[in-house]
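Visitor:
Protein chains in written order, with the working numbering: chain A, 90 to 353; chain B, 90 to 353.
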């Protein structure tokens with residue numbers, strides 16, 4: 090049941106299933122929220138789940154800023170493409186790749202953390218932040234909370250850093266708007282690529298691309314349900330067409346350098 | 090109960106709890122596996138969970154290569170710091186940030202995907218791969234499977250690409266060794282930083298660093314249980330001291346360029 094919606098394919102089925110898998114497979118982005126607050130107990134549970142995710146060498150190179158102040162949410166929403174659901178969500182978490190904590194440790198110890206200057210370490214920051222945040226997404230779902238990631242927080246990383254008082258050697262990686270889903274939202278479970286297109290055995294096989302055609306049809310049908318045109322291939326080509334389709338984020342490399350993450 | 094182990098703090102407690110949170114909070118890396126195979130049904134469930142994770146603009150910019158061949162696992166283990174558990178694990182998943190699929194779409198359509206040349210898009214590749222992989226980690230745990238990430242797959246990305254036949258515009262981001270945990274493994278739930286050190290309200294507060302001292306004591310006590318010396322601060326400073334502590338990964342930026350991910 091959950092696999093058929095996940096793949097938009099009546100023939101899709103899984104040979105094993107349990108409550109956790111069912112929860113994961115039924116994930117969708119939630120962009121309309123009821124006004125109910127996310128409690129401090131719920132927030133603590135989300136962060137504990139996030140901290141339980143694996144982290145490279147136990148570096149724990151991330152922080153999270155919990156924003157509930159309506160005015161701050163409005164300012165962040167304006168910086169992140171003006172998406173109204175950010176203001177509507179009772180809780181907006183900004184996930185921060187944080188090499189600043191290690192840098193401050195080094196400063197206090199009179200030591201050097203030169204490794205933090207390399208792209209590899211920036212990547213660890215982004216990856217470990219993502220592992221943590223995804224645990225929070227699943228934890229939220231288990232508590233009946235919906236969520237949606239906001240990559241547009243990277244449209245204006247320096248302004249976001251000022252708004253949140255982020256110290257050097259940190260960068261806001263993405264936001265996560267959280268709240269109780271409004272059942273009136275007209276949204277569904279967006280089908281993904283056929284598993285055969287992304288799962289390879291022993292070696293990568295580019296012939297797996299042959300499964301994209303069927304997916305294009307499924308996604309076009311799904312989009313049409315919501316009054317949207319276009320299939321997957323067309324949208325990918327449009328989204329990646331060039332810097333003009335990146336809302337300013339093509340400058341990320343220079344911005345990271347100014348934020349103290351030279352990523353060399 | 091699960092919070093006390095997670096934080097190594099008898100006073101740690103959560104106000105909400107459920108089966109999913111308990112599963113997440115009890116996460117530990119597993120590095121000793123029983124010989125039982127991970128079945129194809131289990132693999133399909135892990136990948137379906139991974140595909141259910143959020144992905145920026147539905148780009149789905151990742152692939153995963155499932156390796157079971159003992160000789161290939163041995164060669165990958167040798168490329169990834171010689172870690173024996175890779176050979177022992179019945180299943181080794183290599184998660185691939187994959188802009189190659191979009192590039193091939195563009196080639197077939199006679200289109201350009203110039204956005205794929207920017208660091209922002211490389212970051213999306215790594216982040217979305219991480220979101221997906223973390224869902225697989227939680228799904229694995231729900232099926233009684235243990236796992237451990239292998240960042241050392243980035244020690245030699247070009248050799249890994251050759252071994253796996255990875256096409257241009259892709260990079261192996263990390264490995265994930267999976268199998269049934271050997272109950273004889275001497276391992277525990279590694280305590281994390283106090284939540285007060287990573288969770289900020291409204292604005293980032295560097296004074297949260299004051300909670301590191303208590304954590305250093307907890308982690309030193311935890312390490313001592315396993316015959317290891319050192320606290321958290323000392324290990325972070327050592328791990329990030331400089332390029333010589335990075336196992337070759339300080340060259341990631343140049344390597345990505347050669348793999349067709351110029352990340353400019």
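Note that the Cβ used here is the ideal one computed from N, Cα and C, for glycine as well.
(1) Going by other Cβ atoms of all chains shown within 10 Å of its Cβ, with 16 needed for buried, is residue 160 of chain B buried or exposed?
(2) Using the rule of at least 16 other Cβ atoms within 10 Å of the residue's Cβ for burial, across every protein chain shown, is residue 364 of chain B buried or exposed?
(3) With respect to the beta strand (DSSP E) encompassing residue 152 of chain B, which residues constitute its N-terminal and C-terminal limits?
(4) With respect to the beta strand (DSSP E) encompassing residue 264 of chain B, which residues constitute its N-terminal and C-terminal limits?
(5) Need the endpoints of the alpha helix (DSSP H) that residue 164 of chain B sits in, please.
(6) Are the C-beta of residue 190 of chain A and some C-beta of chain C separated by less than 8 Å?
(7) Are the stretch 103-115 of chain B and the stretch 207-223 of chain B in contact at 8 Å, needing three or more beta carbon pairs?
(8) Given a cut-off of 8 Å, decide if residue 189 of chain B and residue 257 of chain B are closer than it, judged by their beta-carbon atoms.
(9) Checking contacts by CB at 8 Å: is residue 326 of chain A closer than that to chain B?
(10) Please state the DSSP three-state secondary structure of residue 98 of chain B.
(11) Within the continuous alpha helix (DSSP H) that includes residue 228 of chain A, where are the two ends?
(12) Using the beta-carbon of each residue, which ones in chain B are nearer than 7 Å to residue 238 of chain A?
(13) Can the beta-carbon of residue 149 of chain A be found closer than 8 Å to that of residue 328 of chain B?
(14) Name, please, each residue of chain B whose Cβ falls closer than 7 Å to the Cβ of residue 307 of chain A.
(15) Give every residue of the same chain whose Cβ lies closer than 8 Å to the Cβ of residue 301 of chain B, excluding the five residues on either side of it in the sequence, and list them in chain order.
(16) Could you give the distance in angstroms between the alpha-carbon of residue 169 of chain B and the alpha-carbon of residue 242 of chain B?
(17) Tell me whether the stretch 101-108 of chain B and the stretch 126-140 of chain A touch, counting them as touching only if at least three CB pairs, one residue from each stretch, are closer than 8 Å.
(18) In terms of residue numbering, what span does the beta strand (DSSP E) encompassing residue 288 of chain A cover?
(19) For residue 145 of chain B, which three-state DSSP category applies?
(20) By the 10 Å Cβ neighbour count, where 16 or more other Cβ atoms means buried, how is residue 179 of chain B classified, buried or exposed?
(21) Which of the three DSSP states is assigned to residue 180 of chain B in this structure?
(22) Would you say residue 347 of chain B faces chain A, with C-beta separation under 8 Å as the test?
(23) Which term fits residue 143 of chain B, buried or exposed, when burial requires 16 or more other beta carbons within 10 angstroms of its beta carbon?
(24) Which same chain residues, not among the five before or five after residue 204 of chain A, have their C-beta less than 7 Å away from its C-beta?
(25) On the CB-based measure, 16 or more other CB atoms within 10 Å of its CB, does residue 194 of chain B come out buried or exposed?
(26) Taking residue 194 of chain A as the query, report the chain B residues whose CB atoms sit under 7 Å from its CB, ordered along the chain.
(27) Return the residues of the stretch 207-224 of chain A that lie within a Cβ-Cβ distance of less than 9 Å from chain B, sorted by chain order.
(28) Using 8 Å as the threshold, is the C-beta distance between residue 176 of chain A and residue 186 of chain A below it?
(29) Which residues in chain A sit within 9 Å of residue 251 of chain B, going by Cβ to Cβ distance?
(30) Give a yes or no on whether 8 Å exceeds the smallest Cβ distance from residue 331 of chain A to chain B.
(31) What does residue 189 of chain A pair with, by DSSP beta-bridge criteria?
(32) Just curious, the beta strand (DSSP E) that residue 235 of chain B is in, first and last residue?
(33) State the start and end residues of the unbroken alpha helix (DSSP H) segment that holds residue 127 of chain A.
(34) Excluding the 5 residues flanking residue 240 of chain B on each side, which residues of the same chain have their C-beta closer than 6 Å to its C-beta?
(35) How is residue 246 of chain B classed by DSSP in three states: helix, strand or coil?
(36) So the alpha helix (DSSP H) residue 312 of chain B belongs to, where does it begin and stop?
Guide: Result, derived from the coordinates:
(1) exposed
(2) What is shown of chain B runs 90 to 353, which leaves residue 364 of chain B out entirely.
(3) 151-156
(4) 259-268
(5) 159-168
(6) This model lacks chain C altogether; the protein chains it does include are A and B.
(7) no
(8) yes
(9) yes
(10) coil
(11) 208-231
(12) 143
(13) no
(14) Here the premise fails: no neighbours, minimum Cβ distance about 12 Å.
(15) 282, 286, 321, 322
(16) 5 Å
(17) yes
(18) 288-290
(19) helix
(20) buried
(21) strand
(22) no
(23) buried
(24) 210
(25) buried
(26) 322, 325, 326
(27) 207, 208, 209, 210, 211, 212, 213, 215, 216, 217, 218, 219, 220, 221, 222, 223, 224
(28) no
(29) The contacting residues do not exist; residue 251 of chain B stays about 10 Å from chain A at best.
(30) yes
(31) Answer is none; residue 189 of chain A lacks a bridge partner.
(32) 235-239
(33) Where residue 127 of chain A is concerned, there is no enclosing alpha helix (DSSP H), given that its DSSP letter is neither H nor E.
(34) 263
(35) helix
(36) 301-314
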